[in-house]
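Chains as they are written, first to last, in our numbering: chain U, 5 to 345; chain V, 2 to 324; chain W, 333 to 837; chain P, 51 to 331. Cβ coordinates follow ideal geometry from the N, Cα and C atoms, glycine included. This structure is a prediction, so every number in the text was calculated from the model and none was measured. Here's the structure, in structure tokens; my notes come after.
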Amino acid sequence: MTDTNAKTGRFHGLLQSRAIWPLLALALILIVDGIISPNFYDIRIVEGRLFGNLIDIFYRAVPTAMVALGMAIVIGTKGIDLSVGSIAAISGAIIAWRIQAGDPHGVVLFYAVGAGAICGMWNGGLVAILGIQPIIATLILMVSGRGIGMLINLFYGGTNPSFQSDLLQGLSTGSIAYIPTRLIVFAVLFVVVWLVLRRTALGLFVEATGGNAAASNLAGVNAKLIIFVAYVICGIMAGWAGVILTADTHTSDPVSVALYIELDAILAVVIGGGSLAGGRIYLGMTVIGALVIQALTTSILISGLPPEYNLIIKALVVLFVLVLQSEKARRGLMTKLWGKA
Amino acid sequence: MSALLNKKYLPFYATVFVFIAIFLIGGAMYKNFLTTRVLGNILADNSFIIIAAIGATFVILSGGIDLSIGSMIGFVGVSMAVLDSMGWNPLATAVLMLAFGFAFGAFQGWVIDGLDIQPFIITLAGLFLLRGACFMVTINSVPINHEWADLYTDIKIRLPGKGLLRSSAIVMLVSLAIGIFVAHFTRFGTNVYALGGDKESARLMGVNVRRTTVMVYAVAGLYSALAGVVYALYTKSGYPLAGSTLELSAIASVVLGGTLLTGGVGMVAGTLFGGMILGLISTLIIFNGSLNSAWILISSGILLFAFIVLHRFLVGSFDHNRQ
Amino acid sequence: MTSDETQNARVTMRGIRKAYPGVLALDGVDVDIYPGEVHALLGENGAGKSTLIKVLTGALPRDAGDIHLEGRAVHFATTGDAQLAGISTVYQEVNLIPAMSVAQNLTLQKTGGRFGVISWRKARIEAQEKLDRLGMKLDLERAVGSYSVAIQQLVAIARALDEDTRVLVLDEPTASLDATETAALFDVVRALKDKGIAIVFITHFLDQVYEISDRITVLRNGQRVATNMAADVPRQELISMMIGRELGEVEQAFAGRRRDSDGDIVLSAKGVGKKRVLDPFTLDLRAGEAVGLSGLLGSGRTELVKLLYGAIRSDEGTLEMKGGGIAGTNPRASLDAGIVLCPEDRKSEGLVGELSIRENIILSMQAKQGWLAKVSRADQDRIAQEMITALAIATPDAEKQVRQLSGGNQQKVVLARALACAPKIMLLDEPTRGIDVGAHAEILALIRKLCAEGLALLVASSEIDEVVASSDRVAVLRDRRKIGELAGDDITRDNIVTMIAGEDD
Amino acid sequence: DVTIGFSQVGSEGDWRPAFSKNMQDEAATYGVDLKFANAQGKQEEQLRAVRAFVAQGVDAIIIAPVVVTGWEDVLEEAKDAEIPVFLVDRDVDVEDKSLYVSRISADFNLEGKIAGAWLATESLGSCKIVEMQGTTGSAPAIERKGGFEAVIDQFPAMEIVATQSGDFTTEGGKKVMEAFIKSTNNLDGICAAFAHNDNMQLGAIQAMKEAGLKPGEDVLMVSVDYVPAIVDAMNAGEANASVELRSAVAEFIYPVITDYLDSPTDLPKWIVIPSDLHVAN
Ligand SMILES: Nc1ncnc2c1ncn2[C@@H]1O[C@H](COP(=O)(O)OP(=O)(O)OP(=O)(O)O)[C@@H](O)[C@H]1O
Ligand SMILES: Nc1ncnc2c1ncn2[C@@H]1O[C@H](COP(=O)(O)OP(=O)(O)OP(=O)(O)O)[C@@H](O)[C@H]1O
Ligand SMILES: [Mg+2]
Ligand SMILES: [Mg+2]
């Protein structure tokens with residue numbers, strides 16, 4: 005056996021950086037897009053905002069990225085939250101309901117995000133206080149949350165009520181200085197989450213709890229409280245995703261809004277280098293993960309292939325990204341390429 | 002006797018207790034509920050979920066997870082139906098499908114261990130891949146019309162009362178017995194527990210982690226494929242959307258049955274009752290029948306919550322000699 | 333070494349090299365192990381002992397070098413292969429499956445008939461035989477994880493004692509055992525030696541080295557320093573080979589100097605206890621005083637310490653802090669009150685393996701300050717660096733993941749975390765488990781120094797000599813009950829042993 | 051009073067919840083005690099529901115099947131228990147037609163045809179079309195696509211240039227249309243958008259407006275369901291046509307069943323509920 009470390013040492017710094025692989029995947033997807041659709045990179049200004057496929061990828065990735073940020077924190081505690089889609093549905097139903105009831109729209113926004121926080125408290129309570137396994141604890145809200153959304157709609161007789169709100173629609177589909185507002189909303193949320201996590205000790209506590217809850221507890225970290233807070237943050241982010249998605253179509257559709265968003269969010273976290281075994285949170289990388297997924301979705305939509313192919317392509321690309329990211333796979337490959345030379 | 006009172010069986014007893022309790026409560030609330038007919042229905046209607054869940058129990062015991070279950074059921078179903086329409090014998094297709102399930106599972110296991118990628122994600126890719134493959138096979142629902150399929154569905158054992166033990170329930174009970182044997186009385190089974198208990202220790206204690214991981218997912222794939230065969234024969238058709246989100250029901254069955262998602266702790270027999278509890282919840286709601294769609298969803302959640310809390314309470318209150 | 337000797341060796345290792353990212357753990361190590369001998373492998377924390385064992389037993393791939401077993405070149409891909417070839421190993425961090433029963437742990441991968449079918453009746457008999465060999469009585473059906481670390485250590489040893497073993501490897505098997513268990517283990521080891529089994533033995537207890545081993549190999553910084561017959565190396569020389577300098581003065585610095593217990597009472601436990609865990613006990617801790625806690629395995633030392641810290645909630649009695657406050661409700665409150673705990677089981681209760689050394693060290697301190705007042709990165713780096721220097725933690729930098737440290741260095745990180753909180757009361761449960769001679773002396777000296785500065789100290793230890801050497805007062809436990817205290821000149825090995833043994837029967 | 055068990059597919063889109071609600075609200079009027087079960091799009095849940103209805107001993111069973119296949123065994127069980135079965139919505143594929151009494155429903159395939167025919171007339175048989183399909187593999191998606199294509203295949207100059215699945219949701223329709231807009235360079239040369247339901251069409255309208263296009267003028271918009279929201283869009287000139295799939299169908303269904311229970315007679319195997327075309331003016 006020879007030492008491959010020395011030979012590849014020059015690349016080492018580059019290859020060691022976690023960020024490189026998801027970014028590489030993103031770049032590859034975009035290059036392929038450019039080949040299948042010649043005017044893919046065009047960016048114009050339409051109706052006072054930037055317009056084009058590239059903008060679309062950012063634009064459409066926002067809800068997934070929001071949920072994924074919250075998910076990253078929950079996963080950091082070694083948990084998982086399956087109920088994020090349902091939370092978004094509840095928050096959307098509340099928006100339609102309270103707007104129909106005539107509340108000021110700023111207050112409605114507060115209710116919607118607040119509902120997310122309350123859902124997060126419910127999940128957090130089940131996991132942290134009752135000690136129920138996260139996947140099952142959040143399954144409860146996942147199952148019943150969309151029912152709650154439908155029920156809220158039925159309160160005032162609507163099945164899938166639509167509404168008009170300059171404020172909310174502005175947040176979702178509007179633009180400020182050519183930039184889609186939702187990107188700005190997302191940027192603000194990202195910065196807030198980042199500050200809360202990294203400028204305070206919360207991030208360390210979350211990671212410690214996820215790494216070894218018993219040890220953290222003995223070290224004086226209130227592990228239960230930390231887990232609880234993680235689910236609340238996740239709920240708030242899901243509430244925001246509900247706002248963006250519901251305002252996008254200005255319709256509350258609890259059955260199908262944000263369907264399977266939990267899977268995409270978890271995928272984003274993992275593509276961003278997070279481990280479901282807990283212990284580490286990478287916020288920036290998670291956003292890149294969400295972009296990879298959305299770039300993929302957008303490419304499938306513009307590819308012109310029949311929809312039967314969507315899932316297969318998605319699966320293959322996801323596999324490709326994961327293999328690219330797997331250190332073990334790369335090491336194996338390198339020994340094959342250089343090791344035997 | 003002391004072995005029976007062993008602490009580790011507590012979650013299992015609690016699950017059985019909860020199951021019996023709901024069955025009795027349902028009987029008190031609705032007429033015709035507490036009958037062998039309903040019991041027979043629950044066994045048959047949940048058979049494929051429970052079969053898949055037995056495989057999932059192995060995976061979860063080993064500390065992993067398998068999300069490809071539902072798609073595997075769908076894929077096996079459409080493949081069987083399409084091959085049937087091409088004149089294949091159902092028995093031959095069933096064997097082929099079981100082999101495929103085993104191989105596909107083994108492949109997932111190999112990627113998980115060999116490339117060190119998290120099982121949640123690999124099997125999620127498996128979920129997409131197999132569901133996508135369903136659409137490649139056909140986008141229509143295709144009937145299975147072979148006489149052997151009729152023969153299979155005609156196998157029924159009468160229970161006292163009006164109940165029937167249908168063929169799918171029989172297959173399920175047999176595969177459960179095999180699952181229990183493999184998990185608790187073979188070296189492979191013990192290795193699975195060891196792997197889920199502490200992977201690094203298991204490795205140092207001489208467990209072949211690679212082989213065990215591959216085998217665990219292969220077994221899970223085999224069980225999912227069997228669930229797919231049972232599902233296909235149960236509905237005598239294949240449908241590309243069949244089995245969507247069944248993996249969640251399967252995982253829920255496993256966990257309700259007392260198995261810890263973190264691995265290493267649990268019993269295969271618990272999965273049977275976990276699955277039947279889910280079936281009971283649905284049946285109760287149908288017997289009620291007066292709820293609208295919104296309340297149907299909400300009450301499934303509430304019932305699920307109630308059972309989990311009851312279960313925890315039972316386990317907790319019998320287990321007072323914990324610190 | 334003549335080639336003749338090499339021929340007879342059961343295991344020969346030549347030029348073994350192993351690098352971790354950033355660390356060359358083994359750098360061309362040669363070792364021969366002969367049948368019927370106990371070969372002690374010594375060296376500082378992080379010298380590479382455990383790594384060598386892992387390479388030998390197939391737990392880690394080697395980068396270079398050859399291993400021959402009875403003359404045949406071997407290349408184990410897994411530990412299972414090594415087991416099949418007759419190498420039984422007890423690794424350093426207790427490696428058992430906590431949730432599985434004692435019987436299952438003892439027979440995992442070692443029982444099963446055709447098609448791997450297991451008869452649990454037979455397996456239980458096999459398990460019982462293994463326990464009998466060490467004279468242990470345990471509930472075979474109970475989960476191994478519910479036993480104390482020491483019992484687990486014994487189970488791991490029992491597991492390794494196979495009939496057809498050719499080579500037995502023991503990596504710090506006695507780290508948490510007390511004298512009785514160690515004696516029982518040594519009896520078995522001698523019996524195995526007489527049967528011609530080759531035994532590799534790693535420890536930091538030099539007394540034990542001289543008691544049992546025939547040959548000694550010393551490693552330092554991944555290189556072999558020397559191999560000698562045990563009888564040929566005097567103790568002082570051995571120590572300087574290991575740590576590369578003389579130790580003498582440090583060891584003398586505190587021996588035999590007890591202080592008067594005249595400090596203020598800072599923590600006072602009155603009738604604190606919990607049913608089925610520990611009978612109510614009364615104990616005062618004073619500033620500037622070190623109290624030792626002695627007792628047999630399972631006598632309740634760990635429980636007592638955890639009750640004081642609030643990690644186990646007591647159901648009777650009161651814990652009064654200096655100035656009248658009530659302590660011991662939960663770890664966080666204790667921390668705020670200035671109490672810290674170093675738990676005995678560093679793997680499951682001590683460290684967050686995924687996090688870096690720095691993060692582990694500042695964790696308690698940060699928890700104490702609350703989540704809003706983040707310790708600045710500069711302070712974190714400074715504190716971590718100070719601790720690394722003060723405790724001589726062997727690591728290239730503070731950002732290394734804790735789980736990548738050698739066992740002894742991990743133990744130091746646990747201590748560092750406690751020290752970083754600037755506590756008033758320190759509760760140490762087996763604080764020197766797996767720490768090398770040099771560091772052991774330094775840590776005891778450090779503890780004494782802190783004590784002199786007014787710290788109150790409670791040290792639970794299974795090494796009676798350590799208790800005798802370092803305590804101003806000793807509390808003795810038996811059968812989950814505190815049976816008495818010794819102070820001043822009464823603190824002698826004999827007195828403690830008599831008390832533990834119990835003169836009433 | 052008669053007790054009737056109703057196994058509904060799910061609650062996707064605007065149309066189906068309205069259908070469920072209508073059936074539940076109107077039950078009392080026709081002296082029916084309705085046992086409602088929602089299968090959330092899963093056949094196994096429907097089979098469970100039908101078996102539970104049989105076990106419970108209801109007087110009649112209504113099924114809105116998720117898929118056409120796989121019904122033989124349960125229908126036989128219902129027949130053995132002498133409980134008549136009626137189908138609403140889609141069909142079932144069984145050899146022995148005596149297993150159910152009658153199907154009372156609209157015709158998806160016909161809906162597709164109607165939409166296609168309207169478009170052919172409106173575009174004079176020459177049109178490039180973008181299509182938003184329903185959930186891949188679902189019966190309405192397959193049949194509406196089939197009916198629609200059957201018509202436009204008659205016209206050599208009519209062609210579907212892009213098709214994707216919008217999963218029957220507004221959000222899905224919007225996303226798909228956004229992609230179409232980019233891949234066809236602002237719907238350059240596209241004359242019509244056909245959506246398998248109104249919800250997707252509503253999403254598409256939003257996407258087009260956000261891209262500065264004028265749905266209903268630049269592009270002909272035709273879809274299926276005729277829910278209230280599409281009526282508003284048609285009044286605003288943003289949608290052109292929608293084929294009605296009635297949701298207030300209790301009045302068609304209950305009388306047939308109660309009459310049958312009073313005096314069983316042979317009913318036609320398919321009682322078609324008419325689908326009307328609604329065109330914006
Ligand atoms: N997984 C790992 N990754 C990186 N470095 C490691 C890893 N395991 C061990 N090391 C490093 O290798 C060196 C040798 O470690 P080893 O465990 O062999 O020491 P040891 O002699 O057994 O010490 P101790 O007496 O403390 O047990 C140490 O510097 C340690 O930090
Ligand atoms: N010899 C034994 N036989 C049976 N159970 C034991 C024995 N020793 C310990 N245990 C069990 O192990 C668990 C932990 O023991 P405990 O922590 O009290 O030991 P300890 O007094 O701290 O001793 P040490 O720290 O030396 O292990 C307890 O539940 C105890 O019942
Ligand atoms: Mg070591
Ligand atoms: Mg102890």
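- Non-local C-beta neighbours of F101 (chain V) in its own chain, meaning closer than 7 Å and more than five positions away in sequence, comprise A226, ordered along the chain.
- At the C-beta level, L428 (chain W) and A488 (chain W) come within 8 Å of one another.
- Residues of chain W with a Cβ closer than 8 Å to the Cβ of Y194 (chain V) are, in chain order, I429, A431, M432 and Q436.
- DSSP, reduced to helix, strand and coil, places V108 (chain P) outside both helices and strands of the structure shown, so it counts as coil.
- Put simply, the CB of A53 (chain V) is far from chain U, with every gap to its CB atoms at 8 Å or more.
- Not a single C-beta of chain V is nearer than 8 Å to the C-beta of K225 (chain P).
- Counting only unbroken stretches of 3 or more residues, the beta strand (DSSP E) elements lying wholly within the region 58-102 of chain P are 82-88, in sequence order.
- Distances from the CA of T497 (chain W) to each of W:G418, W:I365, W:D668 and W:N692 were compared; the closest alpha carbon is that of W:G418.
- At a cut-off of 8 Å between beta carbons, T253 (chain U) makes no contact with chain W.
- About 6 Å separates the beta carbons of M573 (chain W) and A558 (chain W), which is inside the 8 Å limit, making them a contact pair.
- K381 (chain W) has its CB nearer than 7 Å to a heavy atom of ligand 3.
- Taking 8 Å as the CB threshold, V310 (chain V) lines the interface with chain U.
- Residue range L610 to R618 is occupied by the beta strand (DSSP E) that includes P612 (chain W).
- When DSSP states are grouped into helix, strand and coil, Y153 (chain V) belongs to the helix group.
- In this structure the region 204-217 of chain P does not touch the region 122-132 of chain P; the number of beta carbon pairs closer than 8 Å is below three.
- If you check the C-beta of Q736 (chain W) against ligand 1, you find a heavy atom less than 7 Å away.
- Placement of the Cβ of Q424 (chain W) at a distance of less than 7 Å from at least one heavy atom of ligand 3 is found.
- Y423 (chain W) counts as buried, since at least 16 other C-beta atoms from the protein chains shown sit within 10 angstroms of its C-beta.
- Contact annotation for F209 (chain U) against chain W: W703 [CB-CB distance below 7 Å, chain order].
- Proximity of D117 (chain V) to chain W, defined by a Cβ-Cβ separation below 8 Å, is not satisfied.
- Residues of chain V whose Cβ lies closer than 8 Å to the Cβ of G412 (chain W) are, in chain order, G207, V208 and N209.
- Sequence-ordered contacts of the region 284-311 of chain V with chain U read N293, S294, A295, W296, I297, L298, I299, S300, S301, G302, I303, L305, F306, I309 and V310 [C-beta pairs closer than 9 Å].
- Relative to ligand 3, even the nearest heavy atom lies 7 Å or more away from the CB of D257 (chain U).
- Across the structure, R342 (chain W) and L502 (chain W) are spaced so that their CA atoms are roughly 16 Å apart.
- Per the DSSP secondary-structure output, Q214 (chain P) pairs in a beta bridge with P:M182.
- A straight-line Cα-Cα distance of about 21 Å links A784 (chain W) and G770 (chain W).
- In this structure, V50 (chain U) places its C-beta atom within 8 Å of the C-beta atom of G262 (chain P).
- The Cβ-Cβ distance between G239 (chain V) and S142 (chain V) falls below 8 Å.
- For the options W:K700, W:L687 and W:I693, the alpha carbon positioned closest to that of A669 (chain W) is the one of W:K700.
- Ranked by how close their Cα comes to the Cα of K442 (chain W), the residues V:V112, V:I156 and V:T191 have V:T191 in first place.
- When the Cα atoms are used, L58 (chain U) and A319 (chain U) turn out to be separated by approximately 22 Å.
- Apart from sequence neighbours up to five positions away, the residues of its chain that approach G368 (chain W) with a beta-carbon distance below 6 Å are K525 and G528, ordered along the chain.
- With a cutoff of 8 Å on beta-carbon distance, I307 (chain P) and F136 (chain P) are scored as near each other.
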